[in-house]
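Before any comments, here is the structure.
Chains as they are written, first to last, in the numbering used here: chain G, 1 to 402; chain F, 403 to 804.
Structure follows, in C-alpha cells:
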C-alpha cells in the first residue's frame, strides 16, 4: 500500500478530528522532527481545515542533541532553557491541543556515546509536560509518523520505496486505517478497553503478580488506584485518545511496594539507543539491580536521574486482541511496542489514575517516564485481593477476569 | 566549489566565533527552516565546540504557514501565540546569542494566495525581536544558508548538484570564505564601513536626496540620527556582526519628513512572494501610493498593517566596493540583495541609531520591518545640511564624501 498524499490526509484527519479531537478556535501544538515533514504538514492542514486558530510546530533535531552530548560540559547536560517549560505550561493555561509524532528518524544515532551522558539529557521530553497531563488542561495525542529511516530499520532488505510502503501497510493496519470507518473501529475497541478497566476497578486489587520466564514480580497498587483506558477527558470535557494506536489499560502502582525480578519481553528503544535483554530487580519499590545485554548503563543512568526515577509510575495491561502484538514485530518505538504487551514505567505517575488525595500524594514523582515491556502470552497476570486471594487477570494473553 | 562538510564547518566556525561571537556558557538561539539541516547542525556543533551551554533550534515551516493562509479565518491571521514573544524577550533577559539563517527554501510558495491575507501574517518575524535588538541584550547575526531550492532558483539550467556548487561558489565569495583568513578580511572591510559611517556622522546632515531613473526622494534625518556600520556591541560589550555578509552603513530617518517618489532598483523577495517594479510615493513621511509590476497588493497590505508600517524606519547606503553588487545577481534574499545597493525600510526603526531620547521617541514604530533596494550606480546620493548646502555622498556608486 503506497503512502500517498490522500492516505496522509486521511490519517491526519483521524488524528485531528478523532484522536486529538481539536476544537475550532484552539491553538494546536505539534511536536515533530526533521524527516517528518509530510505528516507534519498534513496534520497542520487538517487542523486549520478543522478550524484551529494556530498550529505551533516545534521541531526537535536529534543531530543537534548529538552535538551537545559530544561537546557540552557534563554539568550542563541537564539544563533546559526555562522558556521550554513555560511554553508547555502556557499550552495548558490556554487550553491548547497537543499532537506528538513518534517514530524514529535516526535510529542508533546516540548509541556510540557515553550512556551516562546520554541519560542526563531528557530532551525533547520536558518535565512540565507531566504536570500538564496531570492537570488535564490539554486534549492531546501521540501518533506514529512514517519515516525513511524507520522504514529501512524495519525492512532493511527492501529498497527505500518498498520499505516505506511496507511500513505504511503496518501502520495503517495498527491504526485501523484499513477499515472503511476507522473512527467507528476505534470507538468499538475503546469500548472493550474501557470495559476491561471497569472490571479491574470493580476488584480493587491490592497488587498484581506477574509470572513468566525470568519474571516473578509483585506490583502493589494504591488503595484508590483506578484503571484507565485510552479514552481521556480534559477538565473542560473534551474527549481525546492520548495514543493512537492504543491497546492498553493502565493504573498507578504503589511506588514503595514493588518486589521481585522482571525480564523485559521486548527491546526498549530510547532516543538514539536500544536497551536489549533488560532485567530489573526491585526491593521495596526501588530498582536495586539493572542488567541488560545491551544498554544497561543508559538505563542505570536514567534511574539515577532523581529519587523517583528508580521507582514505578505506571503499570499497564495489554491483551492479545490488539493489532500490534499479533504482528510479532519489534517496532523500536515505545508507542507501538508498549501497546503490544503489558508494561511498567519507571518515573512519573499519571496522578489522575488515583482517586483520593492522600493516595495521590504517594504516587511516584520524577523528571522521567520510561515504559518497558514485561508482558507476553507466556507471562501470567494474577490479581491479589486485600484478603490475599489470587484471581486470574490475564491468562495466555487473554482477559481471564469475569 | 563543492559544498563539503569541511566547507560547512569552516563557515559555521566563522558564523559562531566571528559574526555572532558566541561566548562560552551562552545559550544560542538558532532560527532555521526545514531544508537547512546541514548548516543548522554544523552551526550547532560549532557553538557547542565553542562552549555554548545550549543551542535552542527553532524551525519555521513555510508550508505550515501556507496551510494557515489557505484555511484559517481572516481575523486570526495576525494572532501570534504569546509564548513566541515571551521566548524572544527571555533570550534578551538571559543574554543569549541569536543566529538566523536566511536563504529561500520554497520560493513562490505563497505567490498564488490572496496578498492581503499574506500580509497579515508576519511570522516567522516576531515583533518582540525588534525590542531585543533595540535593547542590545543579545549578540546576533543573520547569515545565508545554501538550500536546494535556492540553488535551483538561481541556476535553473544546471542539475541539482551543479546548481548547489555554483550557489556555494557565490556564497563563499560574498562571505569572504575564499580568503585565507576570512575573519581578517572581514575586519578590514568593517573598518572601511565604520570609517564611512564616521564621516557621515561628522556632517550631521538634515536630509539625504536620492536622484536617479524614476527616483527623486528626500529622506529627512532626525537631529541626533547616527550612522552605524555592521560592527555592533551589546550592553555587555560583546562585539558582533549582525549580517554576514554586510556592506551597508545605515541610520534612522525622520518618519515625518520623507517626500517624493522612489523606484526600487531590485526585486524584493518577501516570504513566498516577489515584488517587482515597485514604485512608492511619499508625502510627509507616509507612503501614499504604492505601485508595482507584480506584488503591489502584498506590499499595500504590509503598509496597512499599522500606523508605522507606511513610514520609514531605516535608510542605508551601500557603496560599490562590496562583493555583492559587482556580481549583478538578484539573489531573491533580502540579506544579500540589500547589501548590493542602498535601501530604505518601511516599519520599525532601530532606536540605537538615534542618540538623544527626544529624537528616539520620534523614531518610527511598527510590527513590520521591510527593506527594499533603491540604490544603483545610476542613483546619486546627496547630503543636505541644515543650512541647505548640498554635499555629494555617493557618486556613481562610490563614496564622494571626504
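A virtual CB, placed ideally from N, CA and C, is assigned to each residue, including glycine.
These numbers come from a predicted model, not from an experiment.
Endpoints, beta strand (DSSP E) assigned at residue i
i, result
"residue 403 of chain G", "There is no way to answer for residue 403 of chain G, as the model of chain G reaches only from 1 to 402."
"residue 611 of chain F", "609-614"
"residue 542 of chain F", "541-546"
"residue 675 of chain F", "675-677"
"residue 655 of chain F", "655-665"
"residue 799 of chain F", "Element bounds for residue 799 of chain F: n/a, residue is neither H nor E."
"residue 670 of chain F", "670-672"
"residue 32 of chain G", "27-32"
"residue 623 of chain F", "617-623"
Beta-carbon proximity check, residue i vs residue j, cutoff 9 Å
i, j, result
"residue 432 of chain F", "residue 449 of chain F", "yes"
"residue 543 of chain F", "residue 465 of chain F", "no"
"residue 398 of chain G", "residue 317 of chain G", "no"
"residue 729 of chain F", "residue 742 of chain F", "yes"
"residue 576 of chain F", "residue 726 of chain F", "yes"
"residue 434 of chain F", "residue 494 of chain F", "no"
"residue 144 of chain G", "residue 336 of chain G", "yes"
"residue 385 of chain G", "residue 251 of chain G", "no"
"residue 238 of chain G", "residue 21 of chain G", "yes"
"residue 619 of chain F", "residue 656 of chain F", "no"
"residue 262 of chain G", "residue 308 of chain G", "no"
"residue 223 of chain G", "residue 359 of chain G", "yes"
"residue 51 of chain G", "residue 475 of chain F", "yes"
Contacts around residue i, its chain only, beta-carbon distance under 6 Å, and the 5 residues preceding and following it disregarded
i, result
"residue 293 of chain G", "276, 277"
"residue 580 of chain F", "574"
"residue 803 of chain F", "601, 795"
"residue 126 of chain G", "84, 85, 88"
"residue 152 of chain G", "163"
"residue 14 of chain G", "182"
"residue 736 of chain F", "773"
"residue 682 of chain F", "664, 689, 692"
"residue 793 of chain F", "785"
Where the alpha helix (DSSP H) through residue i begins and ends
i, result
"residue 79 of chain G", "From DSSP, residue 79 of chain G is part of no alpha helix (DSSP H); its letter is neither H nor E."
"residue 413 of chain F", "407-415"
"residue 193 of chain G", "182-203"
"residue 120 of chain G", "115-120"
"residue 563 of chain F", "562-576"
"residue 131 of chain G", "128-135"
"residue 700 of chain F", "698-705"
Sequence-distant residues of its chain with Cβ nearer than 8 Å to residue i (five each side left out)
i, result
"residue 8 of chain G", "38, 39, 42"
"residue 77 of chain G", "68, 69, 117, 120, 121"
"residue 456 of chain F", "429, 430"
"residue 562 of chain F", "550, 553, 554"
"residue 578 of chain F", "584, 587, 588, 591, 647, 725"
Proximal chain F residues relative to residue i, where beta-carbon distance stays under 8 Å
i, result
"residue 81 of chain G", "429, 456, 458, 492, 496"
Per-residue contacts from residue i into chain G (C-beta, under 8 Å)
i, result
"residue 476 of chain F", "In chain order: nothing, as chain G lies at least about 12 Å away."
"residue 631 of chain F", "Those do not exist, as residue 631 of chain F stays about 32 Å from chain G at its closest Cβ, beyond 8 Å."
"residue 473 of chain F", "45, 48, 49"
"residue 470 of chain F", "44, 48, 54, 55"
Per-residue contacts from residue i into chain G (C-beta, under 9 Å)
i, result
"residue 480 of chain F", "None at all; the shortest Cβ gap to chain G is about 11 Å."
"residue 442 of chain F", "34, 61, 63, 64"
7 Å Cβ cut-off: residues of chain F touching residue i
i, result
"residue 280 of chain G", "Result: empty, since nearest Cβ-Cβ is about 32 Å, beyond 7 Å."
Listed by chain order, chain F residues near residue i by CB distance under 9 Å
i, result
"residue 7 of chain G", "What residue 7 of chain G touches in chain F: nothing, since even the nearest Cβ is about 18 Å away."
"residue 106 of chain G", "None at all; the shortest Cβ gap to chain F is about 11 Å."
"residue 86 of chain G", "485, 488, 489, 492"
Where residue i meets chain G, residues with beta-carbon distance less than 7 Å
i, result
"residue 530 of chain F", "By Cβ distance, chain G contributes nothing, its closest Cβ being about 12 Å from residue 530 of chain F, past 7 Å."
Close-in-space but distant-in-sequence residues of the same chain around residue i (CB under 7 Å, 5 per side omitted)
i, result
"residue 345 of chain G", "312, 313, 314, 369, 370, 371"
"residue 260 of chain G", "216, 217, 218, 282"
"residue 59 of chain G", "32, 33, 34"
Exercise. Can you give me, in chain order, the residues of the segment 534-568 of chain F that have a beta carbon less than 7 Å from any beta carbon in chain G?
Key: none
Self-check item: Within 8 Å of chain F by C-beta, residues of the segment 234-250 of chain G in sequence order
Solution: Against chain F - using a Cβ distance shorter than 8 Å - the segment 234-250 of chain G contributes no residues.
Exercise. Could you run through the segment 11-37 of chain G and flag, in chain order, every residue whose CB is less than 7 Å away from some CB of chain F?
Key: For the segment 11-37 of chain G, which is checked against every Cβ of chain F, the residues closer than 7 Å are 27, 34, 37.
Practice problem: Closer than 7 Å, Cβ to Cβ, to anything on chain F: give me those residues from the segment 43-62 of chain G, in chain order. | Solution: Along the segment 43-62 of chain G, going in chain order, the ones with a CB nearer than 7 Å to a CB of chain F are 44, 45, 48, 49, 53, 54, 55, 56, 57, 59, 61.
Practice problem: Below 7 Å between beta carbons is the criterion; list the residues of the segment 301-334 of chain G that meet it against any residue of chain F, in chain order. | Solution: Those residues of the segment 301-334 of chain G that come within reach of chain F (Cβ to Cβ, closer than 7 Å) do not exist; the list is empty.
Quiz item: For the segment 341-352 of chain G, which residues have a CB atom closer than 7 Å to at least one CB atom of chain F, in sequence order?
Solution: none
Quiz item: Of the residues that make up the segment 571-600 of chain F, which ones have a beta carbon closer than 9 Å to any beta carbon in chain G?
Solution: none
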